[in-house]
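Offset between the sequence shown (1-based) and the numbering used here: plus 146.
A short write-up of the structure that comes next.
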Amino acid sequence: MSYYPDNQKFSLILGDREIIVETGKLAQQCNGSAVVTVGGTTILATATMSATIREGIDFFPLTVNYNEKYYAAGVIRHSPYQKRENRPSDDKILMGRVIDRTIRPLFPKGFQNDVQVMVTTLSYDRENEHDMISAVAASVALSISDIPWAGPSASVRVGLINGELVLNPTFQAREKSDLDLIVSASPENVIMIEAGANEVPEEEMLKAIDFGKKWAQKICKFIAEIQEKIGKKKIVFTPPEDDKELIEWIAKEGMDDLRACLFGIPGKKDRSDKKAEILEKLKGNAAEKFGEERDMTKFMDYGLKVWKKLIRDSILTQEKRIAERKLTEIRSLNCEVGLFQRTHGSALFQRGETQAVSIVTLGPPSMALNTDGIEGERKQYYFHHYNFPPYATGEVSNRLNTGNREIGHGMLAQRAILPVLPDRETFPYVVRVVTEILGSNGSSSMASTCGSTLSLMDAGVPIKKPVAGIAMGLMVDPENTDTFKVLSDIQDEEDFGGDMDFKVAGTKDGITAIQMDIKVLSISEAIFTQALGQAKTGRLEILKAMESAISEPRKELSSYAPRLITIHIKPEKIREVIGKGGEMIQKIIAATGCTIDIEQDGSVIISSVDGDSMQKAVDWIKSIVEEGEIGKEYTAEVVRVEPYGAFAEILPGTQGLIHVSNIIRERVENINDYLKVGQKVRVKLISIDEKGRLALSMKDASQSPKEE
C-alpha cells in the first residue's frame, strides 16, 4: 500500500511547456495544498482557513505570503551576516500582491474567517519563472480546498518581442520585450492586470490582454477539471442578513441630507465630517423610532451602504459625480518644480486634494541598489520610494513602517518611468526618487508618477519624454451589465463605491504601466476599450499641465549634485589602478576626495562636487594606465643597472631597457660612470618587440647627456 494513498498527478501542455500538478503528498494538514512543476521549477502552495471568524473587523482577513528559498536555486545567500531567508525582496512582495489581487474578488462578500495562502519555491531552474507558476499553484490549492471560493483563477505573463506576443517568456527573453504584462482571469473574464511597457499603443495593449486572457482561461479549465475530480466539498457560507427595513428607513429619512452633502461639499474632510454628523443624527432618531430592542450595532454600516448606492445611482442614471463633476472631467491640477534649494531636483504635483512631493537624489554607481534573490544578484541604478504617512488622510497611526501597499505603489510609479530613462552610457548616475504623499483623495500612485517626471526634469535627468498617470473607475449596473459608466480621475469615495480601479501611465505616444483591480466578476472588452481610450485623453490633459511647469529636462545639474566623468582603460589595467590590496585606489580617493567606481569592462567613473579634484583623479589614473608610445620622450627613473644596460621606469609599472649602446654616441666602457639607481634621465622609446619589451635611448632624446 502506498504511503501517500491520496497522491495524484495531473498535467497540461501549455504552449511549448508542460504544467504538472501533484496533490495529496506534501502539506497534508492544510485545507488545500498543491505542488506545481514546470520544467525544473517547482512551487508548493498551501491554503489554510481559521475555524472561526475574526470578531470586530469590517474587512476580509486574507494574507498571501510569497516565500523565496535560496536552496531552490542551489545557492547560499551572499550576505556575510545573514544566511537565513528573511523579509522577501520588493519584487517578491509585489508578486504576493498580484496573487492577493487575483484571488480576493472571488471570496464571498461578508466572509471574515482568516485565510492564509503561502507559496514556497522548492526548485528554480532559472528558465521557467516561479511567479506565474506560484499564481497557478495558489489557485489549485484554493480550488481543491473546502474554503468557500468562486475560483479557479489563473495568471499568465505576456511579452511583446519583435512585434510578436509571447506566452510566459523566460527571464532572459523579457530583457528584449517591449511589454511585461501579467493577466489574471477567471473562467469568465479578466480579474487583474499588471503591466510595464515601452510606450505600447492602446490597440496593441488590448490585443495583449485578450491573448493573455485566453491562455489563462485554458489553465482555469484545467484546474476546474482537477477540482471536479478531487476537490473537497466547499463549506457553505451564508452571509448575515441585513436589516432591510432599517436600510430603507435610512434611505428615506436621510437621502435629502446625504445628497446635499455629496454634491454640495467639495472638500473630502468636510464632506466626511458632514456625512458622519448626518448618520449620527439618523442613528439617534432611529433608536427613538424602533426602540431599544432593535439591534443598532450595524447602523453605520447600513448608512454607508445607502451612501454607496447614492454615489452609484447618481453616476449610472444621471452621470452626476461628487461636486457635480462630469464623467471625463479631471480635477484641478497644480504643478511646481524647484521647491527646495539643496536637493538635486524637486517637484510638487497636486490633483484635487491628492498632493505629492517628489525629490531626486543623484549619486555615483557605487550607490546602486543591490538586489539579492534566487535569480542572482542584480544592480538597480534607478529606484523610486513611496511614502504614505497617516497625516495624508488626516489620521493618527502608530504604523510608520513601509507596508506592502507603499512598496506596490512605489514600484508602479517606478515601472512607469523606466522606459523613458537615459541609458547608462549617456547618464551614468544612480537616480533615487522619493515621493512623499502629503494629501490623498484618489490615486496617489499616479500622482507620484507625475511628480517623479517633474522632479527628474528639474534635476536635469535627460528623460526621453514626460510620463503622466491617471486612475479610471467604473460603475456597472448589477441588473444589466451592458450598462456601465467609466470615470476619469476617480477619488476615494468613487473607488469605495465603484467596481474597478484601473491605473494607466504613459507618454503622449503610448502606455508605460498599467495596474487594474476589479470588484465584480466580469469586465467586458467594451469596458477595456473605453477605459483605455478615456485614460489616454486624460493623460494628455495632465501632460499638458505638467509641461506648463517644465517642458524639458534642465540643461545643467544642480550645483549641489555630484559631477561624474567616465574614462575607459583596458580591462587588464584595472589591477594596476586598484593596486595591491586596493592600496593605489585608496590612495587616490584619500588624496582627491573623489568617489571612484571601476567596472569590469574598464569603465572608470569618477565622481566629485569639486572639478579640480576630479581632474586630479583623472590625470592620476591616466598616468597609471598610460602605455609607452614609440617615438615619444619620457623622463625615466633608473631602477636597475646591469653591465649591458640599465632598466628605467617611464610610466608607473612600465619599464624599458637602455642598452649601453644607447646611452651616448661613443662607446661606453663602464655603465656605472653614467647611470645609477634612482637617477632621472631623459629617454626616447625607440621600439617594442613582439613580447612587449621596450627599448629606450638616451642618446636619441632631445636632452641627451653630454659625451665625454
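No residue lacks a Cβ here, since even glycine has one placed at the ideal position from N, Cα and C.
These figures come from a predicted structure and were not determined experimentally.
Please tell me whether residue i and residue j are closer than 8 Å, where the distance is taken between their beta carbons.
i      : j      : result
Ile239 : Asn550 : yes
Thr738 : Lys762 : yes
Gly774 : Leu703 : no
Val329 : Ile369 : no
Asp638 : Gly588 : yes
Ile673 : Leu620 : yes
Ile804 : Ala792 : yes
Val823 : Val785 : yes
Ile563 : His530 : yes
Ala559 : Ser594 : yes
Gly540 : Lys451 : no
Leu352 : Ala493 : no
Lys649 : Ile664 : no
Ile381 : Asp292 : yes
Val613 : Asp645 : no
Ala384 : Asp271 : Here the sequence assigns Thr to residue 384, which means Ala is not the residue at that position. Going by C-beta atoms, Thr384 is not nearer than 8 Å to Asp271.
Ile711 : Ile734 : no
Ile372 : Val182 : no
Ser754 : Met760 : yes
CA-CA distance, residue i and residue j?
i      : j      : result
Tyr575 : Tyr527 : 7 Å
Ile670 : Asn335 : Before going on, a small fix: residue 670 reads as Ser here, not Ile. Answer to the nearest angstrom: the Cα atoms are 8 Å apart.
Glu687 : Ile657 : 15 Å
Arg303 : Ile796 : 59 Å
Phe630 : Leu678 : 15 Å
Leu831 : Val566 : 49 Å
Leu408 : Cys481 : 27 Å
Gly309 : Lys171 : 43 Å
Glu815 : Gly799 : 30 Å
Leu288 : Ser157 : 18 Å
Tyr448 : Val265 : 37 Å
Val221 : Ser705 : 44 Å
Glu854 : Arg813 : Confidence in Glu854 is poor, its pLDDT being 34 and thus under 50, which makes the residue's placement unreliable; the coordinate value appears in the next sentence. In a straight line, the C-alpha of Glu854 is about 10 Å away from that of Arg813.
Ala397 : Pro624 : 19 Å
Met442 : Glu391 : 12 Å
Ser697 : Ala691 : 10 Å
Met241 : Asp277 : 7 Å
Arg200 : Thr194 : 14 Å
Ala422 : Ser460 : 20 Å
His555 : Asp326 : 17 Å
His490 : Val580 : 12 Å
Gly838 : Glu788 : 20 Å
Asn516 : Asp236 : 12 Å
Met109 : Phe253 : Only positions 147 to 854 of the chain appear in this structure, which leaves residue 109 out of reach.
Could you work out which residue in the options is closest to residue i when comparing CA atoms only?
i      : options                        : result
Pro151 : Lys322, Ile376, Met621, Glu788 : Ile376
Lys360 : Gly161, Trp295, Asn516         : Gly161
Ile636 : Asp628, Thr653, Gly615         : Gly615
Tyr537 : His531, Leu546, Val483         : Leu546
Gln501 : Cys596, Thr548, Arg440         : Cys596
Ser196 : Leu190, Val182, Asn259, Pro251 : Asn259
Val577 : Pro511, Arg230, Pro535         : Pro511
Gly153 : Val755, Ile673, Ser179         : Note on residue identity: the sequence assigns Asn, not Gly, to residue 153. Comparing Cα-Cα distances from Asn153 to each of Val755, Ile673, Ser179, the minimum goes to Ser179.
Ile365 : Glu349, Glu345, Ile293, Val282 : Val282
Ile583 : Pro624, Tyr532, Gly554         : Tyr532
Asp756 : Gly484, Lys611, Arg709         : Arg709
Ser299 : Arg250, Leu602, Lys390         : Arg250
Ala362 : Asp403, Glu321, Asn314, Glu349 : Asn314
Asn232 : Met557, Arg247, Val622, Glu214 : Glu214
Val210 : Thr192, Lys444, Tyr217         : Thr192
Pro568 : Thr581, Val607, Ile166, Met557 : Val607
Ser694 : Lys726, Met603, Gly305, Glu340 : Met603
Ser848 : Val503, Val829, Gly684         : Val829
Asp765 : Lys778, Glu779, Val750         : Val750
Ile809 : Pro535, Lys778, Met844, Arg243 : Met844
Val346 : Thr316, Ile307, Gln680         : Ile307
Ala219 : Val483, Val182, Thr267, Gly297 : Thr267
Phe445 : Ile609, Ala432, Met618         : Ala432
Could you confirm whether any beta carbon from chain B is found closer than 8 Å to the beta carbon of residue i?
i      : result
Glu371 : This model lacks chain B altogether, as it is built from one protein chain only.
Please find out if some non-hydrogen atom of the ligand SAH comes closer than 7 Å to the beta-carbon of residue i.
i      : result
Glu775 : For the structure depicted, the ligand SAH is absent and the ligand set is empty, with no information on it obtainable.
- request: Taking only runs that begin and end inside the segment 480-546, name each unbroken beta strand (DSSP E) of 3 or more residues, in chain order.
  value: Qualifying beta strand (DSSP E) stretches, in chain order: 491-497, 500-509, 515-519, 522-526, 528-533.
task: Decide if the segment 421-433 is in contact with the segment 472-479; the criterion is three or more beta carbon pairs, one per stretch, under 8 Å apart.
output: Judged by Cβ distances under 8 Å, the segment 421-433 makes no contact with the segment 472-479, as fewer than three pairs qualify.
field: Length at least 3, wholly inside the segment 294-340: the beta strand (DSSP E) runs in chain order
entry: 300-307, 310-313, 325-331
query: If we count Cβ pairs, one from each stretch, closer than 8 Å, do we get three or more for the segment 646-657 versus the segment 718-732?
result: no
- request: Enumerate, from N- to C-terminal direction, the unbroken alpha helix (DSSP H) stretches of 4 or more residues contained entirely within the segment 211-259.
  value: 236-249
query: Which ranges would you report for the alpha helix (DSSP H) in the segment 684-759 if only whole runs of at least 4 residues count?
result: 720-724, 729-738
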